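Peer 1: Structure in structure tokens, see below.
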Amino acid sequence: METLSVEHLLGIKNLTQADIELIFKTADEFKAVINRPIKKVPSLRDITIANLFFENSTRTKLSFELAERRLSADVINFASGSSSVKKGETLLDTVNNILAMKVDMVVLRHPNPGAQIYLSKKINAKIVNAGDGAHEHPTQALLDAFSIREKYGEVKGKKIVIVGDILHSRVALSNIFCLQKLGAEVMLCGPATLIPKYAHSLGVKIEHDLLKALEWCDVANMLRIQLERQDTKFFPSSREYIMQYGLDLNKLNSLSKEITIMHPGPINRGVEISSEVADSNQSIILNQVENGVAIRMAVMYLLAAKINR
Amino acid sequence: MEPRIIIDSIEFNLILKRLAYQLIENHGDFSNSAIIGLQTKGVVLADRLKKELDKILPNANILCGALDITFFRDDFRRGSKPLVANTTKIDFIIENKNIILIDDVFFTGRTVRAGLDAMLAFGRPASVELLVFVNRRYKRHLPVQPTYIGKTVDSVDSEKVKVEWSDEEGKDQVVLYKTEN
Numbered sequence: 201m202e203t204l205s206v207e208h209l210l211g212i213k214n215l216t217q218a219d220i221e222l223i224f225k226t227a228d229e230f231k232a233v234i235n236r237p238i239k240k241v242p243s244l245r246d247i248t249i250a251n252l253f254f255e256n257s258t259r260t261k262l263s264f265e266l267a268e269r270r271l272s273a274d275v276i277n278f279a280s281g282s283s284s285v286k287k288g289e290t291l292l293d294t295v296n297n298i299l300a301m302k303v304d305m306v307v308l309r310h311p312n313p314g315a316q317i318y319l320s321k322k323i324n325a326k327i328v329n330a331g332d333g334a335h336e337h338p339t340q341a342l343l344d345a346f347s348i349r350e351k352y353g354e355v356k357g358k359k360i361v362i363v364g365d366i367l368h369s370r371v372a373l374s375n376i377f378c379l380q381k382l383g384a385e386v387m388l389c390g391p392a393t394l395i396p397k398y399a400h401s402l403g404v405k406i407e408h409d410l411l412k413a414l415e416w417c418d419v420a421n422m423l424r425i426q427l428e429r430q431d432t433k434f435f436p437s438s439r440e441y442i443m444q445y446g447l448d449l450n451k452l453n454s455l456s457k458e459i460t461i462m463h464p465g466p467i468n469r470g471v472e473i474s475s476e477v478a479d480s481n482q483s484i485i486l487n488q489v490e491n492g493v494a495i496r497m498a499v500m501y502l503l504a505a506k507i508n509r
Numbered sequence: 046m047e048p049r050i051i052i053d054s055i056e057f058n059l060i061l062k063r064l065a066y067q068l069i070e071n072h073g074d075f076s077n078s079a080i081i082g083l084q085t086k087g088v089v090l091a092d093r094l095k096k097e098l099d100k101i102l103p104n105a106n107i108l109c110g111a112l113d114i115t116f117f118r119d120d121f122r123r124g125s126k127p128l129v130a131n132t133t134k135i136d137f138i139i140e141n142k143n144i145i146l147i148d149d150v151f152f153t154g155r156t157v158r159a160g161l162d163a164m165l166a167f168g169r170p171a172s173v174e175l176l177v178f179v180n181r182r183y184k185r186h187l188p189v190q191p192t193y194i195g196k197t198v199d200s201v202d203s204e205k206v207k208v209e210w211s212d213e214e215g216k217d218q219v220v221l222y223k224t225e226n
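Structure follows, in structure tokens:
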């Protein structure tokens, strides 16, 4: 029986190529399910899933919750802003209290890199990483690669440039691991201050000239500047960043070929990407959102298969 | 024990023809009926039956679909059944149609129960019938019975009944295997 090689989804780094392909194959069928008049299957009807978000999130949380409900799981939600975490409770205590309510799976977003890895060693439930600091965001990378596969038939051999704030981005790191495992070439593009020093060790190309990077690639994944994670100035002004790294219609039309535009959201329109580009035919941003539900259904379905009663 | 052929190629094709005529007897020109094969082997049977029906009713555009029940199984996490679904392809409206669900071997009834659930995602049919090529007696877990039966076989738990197809295994036949346990 085909099954995942891991017990939790902590990061793309731990997955094999076969794992990723199994998730995609399963997501293909879930995508068909969510496009039917009745968008639900009963697979996880005896599973309870807790969504623990220690950081703000809109689309990831909604996407996970929708995926859980489409699988017929019972769902409980937790946001740290309105919880006892404010009263000084530790992460492990919070989670153990929730698990005492007989929860089978935890979807966790946390500002500290590695929080999910720590928890996976302490608790019995399956853990899905929904983002840990600037480390990994595996379901986002899976849905990005799935969207590229959907557009081009396969990811292998494709050239993908990730543009913007790589230094603070968990999406970038997970995307690099995922795309490389599937045989794609990855380039990072942004101001030198926002490209991490270790980037060379990841086997990626680095380019500081946006037009050169766009001319090289098949797909451009535009990232948001994460002001909430920046404690110093990384570039002189927003205006200068927009001029150098903002993707607008002029830059897109100046290319010798048609490329595909992606964005993990939330978009800062007029900063990293102009409205015309975000809403153009070359953009697959909304396909990414739709695919996010199918990918998350696949991940939770495959992990739930490993729960022993 | 050597595998034993319980339906040979000649009988196999006679049964297919008989099932086709039985369907026509009840569904006429199929103007308000459709056949749906359960993945994976029920789909093979549905395709072969459609070929037989097309020979007899060349002008009746018979609707034929494929339904996967993986996500509707009641034994998820309880065994070694495949996790990965096959494609469901029902590109017609089943609302108010007379549906014939098709599977190759009928045993516990659990696959058909899941098939009934899975089908409801596509609407509310007027009626549902069940056609099976081999009906294994003595092991029903659920109160489900087929409407059309190719052949009824008495077998024990330790035996496995396999319907083989000329397109896939090289020969149309039904074989009884002894399993290890």
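Order-wise, the sequence lines are chains A and B. Going by the working numbering, the residue at position 131 of the first sequence is 331; the numbering climbs one at a time, nothing skipped. Going by the working numbering, the residue at position 28 of the second sequence is 73; the numbering climbs one at a time, nothing skipped. Every residue gets a Cβ at the ideal spot worked out from N, C-alpha and C, and that includes glycine. Source: prediction; values computed, not measured.
(1) Start and end of the alpha helix (DSSP H) containing residue 443 of chain A?
(2) Is the beta carbon of residue 160 of chain B sitting closer than 9 Å to the one on residue 180 of chain B?
(3) Output the boundary residues of the beta strand (DSSP E) element that contains residue 205 of chain B.
(4) Got a sec, what are the start and stop residues for the alpha helix (DSSP H) residue 184 of chain B sits in?
(5) Roughly how many angstroms lie between the CA atoms of residue 348 of chain A and residue 116 of chain B, to the nearest whole one?
(6) Starting from residue 225 of chain A, find everything on chain B with Cβ-Cβ shorter than 7 Å and list it in chain order.
(7) Please report the distance separating the alpha-carbon of residue 254 of chain A from that of residue 263 of chain A.
(8) Using Cβ-Cβ distances below 8 Å, what residues of the stretch 94 to 117 of chain B are close to chain A?
(9) Any beta carbon of chain A sitting closer than 9 Å to that of residue 83 of chain B?
(10) Could you tell me the alpha carbon to alpha carbon distance between residue 459 of chain A and residue 417 of chain A, rounded to whole angstroms?
(11) Specify, as a first and last residue, the run of the alpha helix (DSSP H) that residue 497 of chain A falls within.
(12) Verify the CB distance criterion: does residue 168 of chain B have a CB-CB separation below 9 Å to chain A?
(13) Can you grab the Cα-Cα spacing for the pair residue 372 of chain A / residue 112 of chain B, in whole Å?
(14) Among A:243, A:356, A:374, A:476, which one has its Cα closest to the Cα of residue 507 of chain A?
(15) Which residues in chain B have a C-beta closer than 9 Å to the C-beta of residue 504 of chain A? List them in chain order.
(16) Which residues in chain A have a C-beta closer than 7 Å to the C-beta of residue 133 of chain B? List them in chain order.
(17) In angstroms with no decimal places, state the Cα-to-Cα distance between residue 434 of chain A and residue 393 of chain A.
(18) Is there contact between the stretch 185 to 203 of chain B and the stretch 49 to 69 of chain B, where contact requires at least three CB pairs shorter than 8 Å?
(19) Does the structure place the stretch 348 to 366 of chain A close enough to the stretch 314 to 325 of chain A that three or more beta carbon pairs sit under 8 Å?
(20) Note down the Cα distance separating residue 216 of chain A from residue 106 of chain B, rounded to an integer number of angstroms.
(21) When you compare only the Cα positions, how much space is there between residue 145 of chain B and residue 228 of chain A?
(22) Spell out whether any CB of chain A is found under 9 Å from the CB atom of residue 165 of chain B.
(23) Is the Cβ of residue 216 of chain A closer than 9 Å to any Cβ of chain B?
(24) Alpha carbon to alpha carbon, how far is residue 419 of chain A from residue 218 of chain A? Give it in angstroms, no decimals.
(25) Apart from the five residues on each side of it in sequence, which residues of its chain come closer than 7 Å, Cβ to Cβ, to residue 156 of chain B?
(26) Hey, residue 499 of chain A and residue 223 of chain A: beta-carbon distance below 9 Å or not?
(27) Along the chain, which unbroken stretches of the alpha helix (DSSP H) at least 4 residues long are found entirely within the stretch 361 to 397 of chain A?
(28) Going by the CB atoms, is the gap between residue 472 of chain A and residue 423 of chain A shorter than 9 Å?
(29) If you follow the beta strand (DSSP E) that residue 218 of chain B is in, where does it begin and where does it stop?
(30) Which partner residues of residue 172 of chain B appear in the DSSP bridge assignment?
(31) Can you grab the Cα-Cα spacing for the pair residue 364 of chain A / residue 410 of chain A, in whole Å?
(32) What residues of chain B sit near residue 295 of chain A, judged by a beta carbon separation below 7 Å?
(33) State the Cα-Cα distance for the pair residue 294 of chain A and residue 445 of chain A, rounded to the nearest angstrom.
(34) Using a C-beta cutoff of 9 Å, does residue 136 of chain B count as contacting chain A?
(35) According to DSSP, simplified to helix, strand and coil, what is residue 305 of chain A?
(36) Whole angstroms is fine: what's the gap from residue 138 of chain B's alpha carbon to residue 95 of chain B's?
Peer 2: Reading it off the structure:
(1) Translated into positions along the first sequence, residue 443 of chain A becomes position 243. Under the DSSP assignment, residue 443 of chain A falls in the alpha helix (DSSP H) whose first and last residues are 438 to 445.
(2) In the second sequence, residue 160 of chain B corresponds to position 115, counting from 1. In the second sequence, residue 180 of chain B corresponds to position 135, counting from 1. Going by C-beta atoms, residue 160 of chain B is not nearer than 9 Å to residue 180 of chain B.
(3) In the second sequence, counting from the first residue as 1, residue 205 of chain B sits at position 160. Note, residue 205 of chain B: beta strand (DSSP E), 204 to 209.
(4) As a working mapping, residue 184 of chain B is identified with position 139 in the second sequence. For residue 184 of chain B, there is no enclosing alpha helix (DSSP H), as DSSP gives it neither H nor E.
(5) Here residue 348 of chain A corresponds to residue number 148 of the first sequence, with the count starting at 1. Here residue 116 of chain B corresponds to residue number 71 of the second sequence, with the count starting at 1. Their Cα atoms are separated by approximately 26 Å.
(6) Against the first sequence, residue 225 of chain A aligns to sequence position 25. Those within 7 Å of residue 225 of chain A in chain B are 129.
(7) Here residue 254 of chain A is taken as the residue at index 54 of the first sequence, counted from 1. Here residue 263 of chain A is taken as the residue at index 63 of the first sequence, counted from 1. Taking C-alpha positions only, residue 254 of chain A is separated from residue 263 of chain A by approximately 16 Å.
(8) The residues in question are 113, 115, 116, 117.
(9) By 1-based counting over the second sequence, the position of residue 83 of chain B is 38. So no, residue 83 of chain B is outside the interface.
(10) Position 259 of the first sequence, counting from 1, holds the residue named residue 459 of chain A. Position 217 of the first sequence, counting from 1, holds the residue named residue 417 of chain A. Looking at the two C-alpha atoms, the distance is approximately 7 Å.
(11) The residue given as residue 497 of chain A occupies position 297 in the first sequence. If you look at residue 497 of chain A, you'll find it in the alpha helix (DSSP H) that goes 485 to 504.
(12) Along the second sequence, read from residue 1 onward, the residue named residue 168 of chain B stands at position 123. At a cut-off of 9 Å between beta-carbon atoms, residue 168 of chain B makes contact with chain A.
(13) Numbered from its first residue, the first sequence carries residue 372 of chain A at position 172. Numbered from its first residue, the second sequence carries residue 112 of chain B at position 67. Each residue's alpha carbon lies about 39 Å from the other.
(14) Along the first sequence, one-based indexing puts residue 507 of chain A at 307. Residue 507 of chain A has its Cα closest to that of A:243, out of A:243, A:356, A:374, A:476.
(15) In the first sequence, residue 504 of chain A corresponds to position 304, counting from 1. For residue 504 of chain A, the residues of chain B that pass the 9 Å Cβ criterion are 121, 122, in the order they occur in the chain.
(16) Here residue 133 of chain B corresponds to residue number 88 of the second sequence, with the count starting at 1. By Cβ distance, chain A contributes 232.
(17) Walking along the first sequence from the start, residue 434 of chain A turns up at place 234. Walking along the first sequence from the start, residue 393 of chain A turns up at place 193. Each residue's alpha carbon lies about 6 Å from the other.
(18) As far as the Cβ criterion goes, the stretch 185 to 203 of chain B touches the stretch 49 to 69 of chain B, which means the pair count is three or higher.
(19) At 8 Å Cβ cutoff, the stretches do not touch.
(20) Working through the first sequence from its first residue, we reach residue 216 of chain A at position 16. Working through the second sequence from its first residue, we reach residue 106 of chain B at position 61. Roughly 46 Å separates the two Cα atoms.
(21) For this step, residue 145 of chain B is matched to residue 100 along the second sequence. For this step, residue 228 of chain A is matched to residue 28 along the first sequence. Each residue's Cα considered, the two are about 26 Å apart.
(22) Numbered from its first residue, the second sequence carries residue 165 of chain B at position 120. Yes, residue 165 of chain B lies at the interface with chain A (some Cβ there is under 9 Å from its Cβ).
(23) The residue labelled residue 216 of chain A in the question sits at position 16 within the first sequence. No, residue 216 of chain A does not count as interfacial toward chain B.
(24) Position 18 of the first sequence holds residue 218 of chain A. Position 219 of the first sequence holds residue 419 of chain A. Each residue's Cα considered, the two are about 23 Å apart.
(25) Locating residue 156 of chain B in the second sequence gives position 111, counting from the first residue. Closer than 7 Å at Cβ, skipping near neighbours: 83, 114, 148.
(26) By one-based count along the first sequence, residue 499 of chain A stands at place 299. By one-based count along the first sequence, residue 223 of chain A stands at place 23. The answer is yes: Cβ separation under 9 Å.
(27) Runs of the alpha helix (DSSP H) inside the stretch 361 to 397 of chain A: 370 to 381.
(28) Residue 423 of chain A sits at position 223 when you count from the first residue of the first sequence. Residue 472 of chain A sits at position 272 when you count from the first residue of the first sequence. Yes, the pair counts as a contact, with Cβ atoms nearer than the cut-off.
(29) In the second sequence, the residue the question calls residue 218 of chain B occupies position 173. For residue 218 of chain B, the enclosing beta strand (DSSP E) covers residues 218 to 223.
(30) For this step, residue 172 of chain B is matched to residue 127 along the second sequence. According to DSSP, which records beta bridges pairwise, residue 172 of chain B is partnered with B:143.
(31) Reading the first sequence from its first residue, position 164 is the one you call residue 364 of chain A. Reading the first sequence from its first residue, position 210 is the one you call residue 410 of chain A. Going by the C-alpha atoms only, they are around 10 Å apart.
(32) By 1-based counting over the first sequence, the position of residue 295 of chain A is 95. Within 7 Å Cβ-Cβ: nothing; residue 295 of chain A doesn't reach chain B, min ~23 Å.
(33) On the first sequence, residue 294 of chain A is found 94 positions in, with the first residue counted as 1. On the first sequence, residue 445 of chain A is found 245 positions in, with the first residue counted as 1. Answer to the nearest angstrom: the Cα atoms are 41 Å apart.
(34) The residue given as residue 136 of chain B occupies position 91 in the second sequence. Not one chain A Cβ lies under 9 Å of residue 136 of chain B.
(35) Residue numbering aside, residue 305 of chain A sits at position 105 when the first sequence is read from its first letter. If DSSP states are grouped into helix, strand and coil, residue 305 of chain A belongs with the strands.
(36) Taking the first residue of the second sequence as 1, we reach residue 138 of chain B at position 93. Taking the first residue of the second sequence as 1, we reach residue 95 of chain B at position 50. Distance between the alpha carbons of residue 138 of chain B and residue 95 of chain B is about 18 Å.
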